[in-house]
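Notes for the one structure printed next.
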Amino acid sequence: MIKREIVSVIVPVYNVELYLEKCIQSILNQTYNALEIIIVNDGATDLSEEICMKYAQQDSRIILINQKNAGLSAARNSGIRNASGKYIMYIDSDDWIDNDCIEKCIKEIQKDENLDIVLFPYIKEYKQKKVVVKLFDLDTLYFNQEQTKEFLLKSLFGPTNSINPLKIDNLSTAWGKLYRRSILNEVEFTDTKKISVEDSYYNVQVFYHAKCCKYISNTFYHYRKTNPISLTKNYNLEKAYLRENMYAVKREFVTDKGLGEEFENALNNRVIINLFAIIYGLVCSNISYKTKVKYCKEVLNREIYKKAFKQFSLDELEFKWKCFYWLCRQKKHTIIIFVLNSLILIKRRGVYSEK
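Quick note on the UniProt record's numbering: the sequence shown kicks off at 1 and runs consecutively.
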């Protein structure tokens, strides 16, 4: 019999009227019902607030917080400050979870007082296909305190072997995990306006304090990816440069905690590997081809990449990635944009499939 400890589920909401009900319903349908559902309406301007109010009136487990728009990080921080549960789970408001997700996580974490985080896989939900993302090859994995530090924590800084740019952030997300509340004390999400990506650094701070972690593969988080290659109206190069602030705070963390050279090398690998995400986002935008080439040149000329490439080895990369990062190292911006632009055009025609 599972002891019915409260799980606080934090759901930040902003303009997701089309998907919000599916998200909330998946939480209400959980086989584990000792829940505190904290919905933070971050100043939504569509019908999201009305939907939240409707469900809050129907189920007393829902706590609705309305605030002025301040961004995802601020919404999650509001949620955690108002949470009273022994355990915490984050769910984004356009996503959903399996009906037995929380129960399966609770079973694991209540069996071991040293277990602080349960991780589970996710499914990328596109309109016409699903892509299952298993975090590890084995069905279950247990990480003691030393293994949590040497593998999971280090992976949040960057890869050290078997480098795959498409998998570099599989562990970084705040969702897809059940956290023991006690290890989250005094840890908050940093505003994306300061570091571009909030989840990775948040988990760095959390996993540093974790005793043990466990991975289970028999339940899923469903991550909505409505369009696999959606166009953005504009490409904000300055936002891409904000990643450099994230690298800076992670580097400071390595120094402050005395984590050592291996962590510094992992972070250096991340600096280079993230170039793909930056340039791919650039190519997927609807700015002109000429501007894409110009921006790519600007990125590759940044001093941070010049320095990082001096320590970066191509040896651990598959051939296609070795080619890409060799072109980046040589600053072949025109070739890079031409090749990626061509691949994306093929993908939009349904020929190129995600691996």
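Idealized CB from N, CA, C, for every residue including glycine.
When DSSP states are grouped into helix, strand and coil, Thr219 belongs to the coil group. Approximately 19 Å separates the beta-carbon atoms of Cys296 and Leu314; this is outside 8 Å, ruling out the contact. Residue pairing by DSSP puts Leu35 in a beta bridge opposite Val7. For Tyr87, the enclosing beta strand (DSSP E) has its first and last residue at Tyr87 to Tyr90. Taking C-beta separations shorter than 8 Å and ignoring five residues to either side along the sequence, the partners of Ile278 in its chain run Ala240, Arg243 and Val299, following chain order.
When beta bridges are read from the DSSP output, Gln67 appears opposite Asp42. Ranked by Cα distance from Thr31, the options Val16, Arg4, Glu103 and Lys54 are led by Glu103.
When rounded, the separation of the alpha-carbon atoms in Asn66 and Gly85 is 20 Å.
DSSP, read as helix, strand or coil, puts Ile163 in coil. Rounded to whole angstroms, the gap between the alpha carbons of Tyr289 and Asp169 is 28 Å. DSSP places Lys193 inside the alpha helix (DSSP H), whose first and last residues are Thr192 to Ile195. A Cβ-Cβ separation of about 7 Å places Cys23 in contact with Val11 under the 8 Å criterion. In the DSSP assignment, Phe120 forms no beta bridge with any residue. Fewer than three Cβ pairs drawn from the stretch 138-148 and the stretch 299-309 lie within less than 8 Å of each other, which leaves the two stretches out of contact. Counting along the chain, Val283 sits inside the alpha helix (DSSP H) bounded by residues Leu275 to Cys284.
Assignment of Trp96 by DSSP, reduced to helix, strand and coil, places it in the strand class. As the crow flies, the alpha-carbon of Ile346 is around 32 Å from that of Trp175. Restricting attention to alpha helix (DSSP H) runs no shorter than 4 residues, the stretch 283-344 encloses them at 289-300, 303-311 and 319-329, ordered along the chain. Boundaries of the beta strand (DSSP E) harbouring Val131: Lys130 to Val133, taken from the DSSP string.
Partner residues in the beta bridge of Thr140, as assigned by DSSP, are Ile216. At a Cβ-Cβ threshold of 9 Å, Tyr19 and Asp98 do not count as neighbours. The beta carbon of Val16 sits closer than 7 Å to those of Ser48, Ser93 and Asp94, all from its chain and outside the five residues before and after it, given in chain order.
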